[in-house]
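Participant: Below you'll find the structure I mean.
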Amino acid sequence: LFLLPSAEAQKYTPDWSSLDSRPLPTWYDEAKFGIFCHWGVYSVPAFHSEWFWWYWQGDTPSQEFIDFVKKRWRPDWSYADFAREFRADRFDANQFKSVIEASGARYFVLTSKHHEGFTLWPSSTSWNWNALDVGPKRDLVGELKEAFKGSRVEFGLYFSLLDWFHPLYKANKTKYVEEVSYPQLHEIVERYEPSVIWSDGDWGTSDEVWRSKEFLAWLYNQSPVKEKIVVNDRWGEGCMGKHGGFLTYSDHYDPGKLLDRKWENCMTLDSQSWGHRKDMTSLDVHDTHSLIEQLARTIACGGNYLLNVGPDQHGRIPPIFEDRLRELGEFIRPNEEALFGTSAHAVQNDTANTWYTRRKDDKRTTVYAWILDTTGDTVHLEKVYATEKTTLRIPALPDATFTWKSIDGGIQIDLASVPWRKLPRSDALVIAIDNPDSRLKIRFVKSWRSDFVEWLKSIPQKPRLS
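And the structure:
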C-alpha cells in the first residue's frame with residue numbers, strides 16, 4: 007500500500023472552476039518584475055507598430071501604410087519579402103541575456119509568435135514561415151532558452167492564438183486550431199519548457215474553439231512544466247480578467263488599488279509601440295523615473311510589472327532601451343529587499359508619491375516606503391507609525407545615518423540628512439521601517455472614517471424637493 011505524491015493526486019479537469027482553483031506557483035509572485043520582448047518580421051519595416059501588416063493589407067488597409075511601402079519598395083513587394091530581410095545578423099543571445107539581467111528583472115517573456123504568424127522557432131506547422139526556414143535561419147527561441155539556463159531569470163514565451171492571414175484561420179478557425187495553433191502550443195511547451203505561457207490574440211473566438219481549457223488541463227496535469235508553469239488570462243472571448251493564472255485585464259493595466267487576485271501590468275518602453283520602429287523619438291520613450299514610479303505603484307498594489315522592449319531586425323536592443331534597463335537595474339539591485347518576495351502592505355500609498363511594500367519573517371516585520379518625490383526638505387509618512395522598537399534604514403546604504411522622528415501623524419524624515427551622493431539616484435528613495443506599529447491598519451481605518459465624516463459635514467446641503 008502506498009500513497010501517490012500530492013502533485014500526482016491533484017488533477018485539474020478542463021473547466022474553469024477546476025483550472026482557476028490551481029494555486030499560482032510562488033516564484034511568479036516573488037519575481038515581481040519581468041522584461042517583455044516583441045520581436046518579429048514587423049521589425050523590418052519598423053513603421054508605426056507591430057501591427058504593420060494588418061494596417062497595410064488587413065480588412066481596411068490604411069492609405070498611410072500603402073504609401074509608405076509604395077515609396078520604398080518595388081510594386082510587387084509582399085510581407086514575405088520583409089521576412090527575408092529579418093536576418094538577426096547581430097543577434098547574440100548571451101548579450102541579450104546580460105542586458106535583461108542588468109535590468110534587475112526576474113523573468114523574461116519572448117514573442118514566440120505574434121499575430122503575423124511567423125514563428126521564432128522551427129515549428130512543424132509553419133513551413134517556410136519560421137526563423138529557421140527564412141530570414142535568420144536560426145532557432146531564436148532555442149538560442150535564448152539556452153542562454154537563460156542557470157540564470158535567476160525565468161524564461162517565458164508569448165504566443166498569439168490567432169494568425170491574421172493564415173488561409174486556414176481565415177477559412178475555418180476550428181481546423182486552424184486543430185492543425186496549427188494547438189500543436190504549436192504543445193511544441194513550445196515540450197521543446198522549450200517555459201516558465202510562462204503568455205497567451206494573446208484570443209478575441210472574437212470562444213475558449214471552446216481555441217481548446218484553451220483542454221490545453222490548460224494538459225499543461226497543469228501532464229506537461230513537463232506542470233509544477234512551475236504560469237499563464238495569463240487571454241484564452242478566449244470573455245476570459246480576460248476572469249480566468250487563467252494571473253490577470254492582465256488590458257495592456258498598461260494599473261488599477262491603483264489592491265485586487266483579490268494576482269495581476270500584471272504589461273507596458274512598453276516605447277509609449278507608441280510594442281515592436282521596433284524607426285520613427286520613434288526620444289520623447290516617446292519613458293524616462294527612468296517614470297519606470298520606477300510605475301514599478302512601485304504596481305507592486306504596492308500586488309501586481310507584477312512586465313516592461314517591453316522591441317529589438318531591431320538585426321537582433322539588437324536599441325541603445326536608449328538598453329540605457330533605461332541598466333538605469334532601472336542600478337536602482338533595483340541595492341533595493342532588492344523592498345521588491346522581490348515582498349507582499350502588499352495594509353495600505354498601498356500615502357499619496358501618488360509614496361508607495362509601500364512589506365516583508366515579514368520570524369525575526370521582524372519591515373515596511374518599505376518607496377518615496378518618489380524627494381524635492382522637499384522633509385517627507386511625511388502618514389500611513390506607518392513607530393514604536394520604541396522601530397528603526398529606519400536605507401537598504402541601498404546599510405551604514406548610512408539620517409534624521410527622522412515619530413510624530414502624531416506618522417513618521418517624518420529629514421531628506422536633507424540623507425547622503426544622496428552615495429545613492430544611485432536622487433529622485434527616488436527606498437526607506438525600510440523595521441518593526442513598525444502593528445496597529446497601522448486600525449489607525450488608518452479610524453483616520454479614514456474621521457476624515458470622511460468631516461468631508462461629509464463640509465458639503466453644502468441642498469434643499470429637499472417637496
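Residue numbers (my numbering): 7 to 472. Where is the CB? At the ideal position from N, CA and C, for every residue including glycine.
1) Starting from the N-terminal side, write out each stretch of the beta strand (DSSP E) that is 3 residues or longer and does not extend beyond the stretch 364–403.
2) Can you find the residues in the same chain that come closer than 7 Å, C-beta to C-beta, to W361, ignoring five residues on each side of it along the sequence?
3) Secondary structure at K155, three-state DSSP: helix, strand or coil?
4) Starting from the Cα of L191, find the closest Cα among G416, S132, K284 and give me that residue.
5) What does DSSP give as the partner residue(s) for Y164 in the beta ladder?
6) Spatial neighbours of G207 within its chain, please: CB distance less than 7 Å, with the 5 preceding and 5 following residues excluded, ordered by chain position.
7) With H, G and I counted as helix, E and B as strand and the rest as coil, what does DSSP make of Y18?
8) Pairing CB atoms from the stretch 324–334 with CB atoms from the stretch 382–395, are three or more of them under 8 Å?
9) Just the Cα atoms here: how many angstroms apart are N238 and E160?
10) Please report the straight-line C-alpha distance between K447 and P31, rounded to a whole angstrom.
11) Alpha carbon to alpha carbon, how far is T381 from L126? Give it in angstroms, no decimals.
12) Hey, out of E220, V215, K369, whose CA is closest to E182's CA?
13) Within 10 angstroms of its Cβ, does W135 collect 16 or more other Cβ (buried), or is it exposed?
14) Quick one: any contact between the stretch 317–325 and the stretch 95–107, if contact means 3 or more CB pairs under 8 Å?
15) I'd like to confirm the pairing. Which residues does DSSP put opposite F39 in its beta bridges?
16) Roughly how many angstroms lie between the CA atoms of Q300 and G309, to the nearest whole one?
17) How many Å lie between L10 and K103 at the Cα?
18) Identify the continuous alpha helix (DSSP H) that holds N100 and give its terminal residues.
19) Inspect the beta-carbon positions of V195 and S218 and report whether they are closer than 9 Å.
20) May I ask which residues mark the beginning and end of the alpha helix (DSSP H) holding E270?
21) Hey, quick one: how far does the alpha helix (DSSP H) through S296 stretch, first residue to last?
22) Quick one: what does DSSP say W426 is sitting in, helix, strand or coil?
23) Which residues in the same chain have their Cβ closer than 6 Å to the Cβ of P20, if we skip the five residues on either side of it in sequence?
24) Could you compute how far the alpha carbon of R112 sits from the alpha carbon of P81?
25) What three-state label does DSSP hand W127 in the structure shown?
Facilitator: Per the coordinate set shown:
1) Within the stretch 364–403, the runs of beta strand (DSSP E) at least 3 residues long that lie entirely inside it are, in chain order, 371–377, 384–387, 397–399.
2) A302, R303, A306, Q354, N355, W376
3) coil
4) S132
5) T117, W204
6) H121, S166, L167, L168
7) coil
8) no
9) 15 Å
10) Confidence in K447 is poor, its pLDDT being 42 and thus under 50, which makes the residue's placement unreliable; the coordinate value appears in the next sentence. About 28 Å.
11) 46 Å
12) According to the sequence displayed, residue 182 carries Tyr and not Glu. Looking at the Cα atoms, V215 is the closest of the given residues.
13) buried
14) Three or more beta-carbon pairs separated by less than 8 Å link the stretch 317–325 to the stretch 95–107, which places the two stretches in contact.
15) Y311
16) 11 Å
17) Any reading at L10 needs caution, since the residue's pLDDT is 37, under 50, leaving its predicted position unreliable; the model's value is listed next. Taking the straight line joining both Cα atoms gives about 39 Å.
18) 99–108
19) Note that the C-beta distance between V195 and S218 is not below 9 Å.
20) Element bounds for E270: not the alpha helix (DSSP H) but the beta strand (DSSP E), 269–274.
21) 294–306
22) helix
23) K219, E220, A223
24) 46 Å
25) coil
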